[in-house]
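Count along the sequence shown starting at 1, add 248, and that's the number in this note's numbering.
Note that CB positions come from ideal geometry on N, CA and C, so glycine has one too.
Beneath this line is the structure, given in structure tokens, with notes to follow.
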Amino acid sequence: THFWGGAIRLVPRDFKLPTRGGNLQSVMEMWLMPDTAKGIPPLCLLKGRDVSHIEQGVQTLGHMKGLIKRVEYFGRRENVWVEGGSDWTEHEVRALYEGVKGYFQLKNRKRKRRFEELSWQTILRDDREMRRVARKASAEAAQGVKGYFQ
């Protein structure tokens, strides 16, 4: 723990969230495992107040949380999500990554970069877009079925 700004915090004052770069695996590692050398806990333990001093810190933390919720969902489906909180090992995080990355490897003909080179923000944006398109298609299909029976 660190003390600054008149309060006890989980991160030092000079802590920065990864706003640019960082692939899915690196974000999973930061979210689930501590950086003991820097005295940083797993990011899953942080609250908005811990990053409110960082420009767009609360928003970035929220975006990371949203992405990890999707990772958890797929990890549970593949039986590679470890129950019990913040005691993840490198081996467990790697197994989780290998188990879920296929769900995020969307086919995009415009993109030439390898999946491992994509930033976590790009993966989150692609996942949100895929879900939006799926919801729209589902709503249109439901409307078509409804129209068929009228």
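### Task
Excluding the 5 residues preceding and the 5 following His311 in the sequence, name in chain order all residues of the same chain whose CB lies nearer than 8 Å to its CB.
Gln369, Leu372
### Task
Measure the alpha-carbon distance for Leu291 versus Lys313 and round it to whole angstroms.
9 Å
### Task
Compute the Euclidean distance between the alpha carbons of Ser297 and Val275, then round it to the nearest angstrom.
Residue identity differs from the one stated: residue 297 is Arg in this sequence, not Ser. Roughly 20 Å between the two C-alpha positions.
### Message
Taking only three categories from DSSP, how would you classify Trp252?
### Response
strand
### Alpha-carbon to alpha-carbon, Arg324 and Val330
8 Å
### Task
Kindly identify the DSSP beta-bridge partner or partners of Arg257.
His250
### Query
Which residue from Pro266, Tyr321, Pro260, Asn271 puts its Cα closest to that of Thr284?
Pro260
### Start-to-end residues for the alpha helix (DSSP H) that takes in Asp298
296-299
### Query
Who does Asp283 pair with in a DSSP beta bridge?
Ile288
### Message
Quick check: is the beta carbon of Leu265 nearer than 8 Å to any beta carbon in chain C?
### Response
Going by chain labels, chain C is absent from the structure shown, which holds only one protein chain.
#### Entry: Check whether Leu483 and Pro289 have beta carbons under 8 Å apart
Because the chain in this structure spans residues 249 to 398, residue 483 falls outside the shown range and cannot be described.
### Query
Any heavy atom of the ligand ADP within a distance shorter than 7 Å of the CB on Glu331?
In terms of ligand content, the structure shown is empty, and the ligand ADP therefore cannot be addressed.
### Task
Starting from the Cα of Val319, find the closest Cα among Val299, Trp336, Tyr351 and give me that residue.
Tyr351
### Task
Quick one: residues in its chain with C-beta nearer than 8 Å to the C-beta of Pro282, no 5 flanking neighbours on either side, listed in chain order?
Ile288, Pro289, Pro290, Ser334
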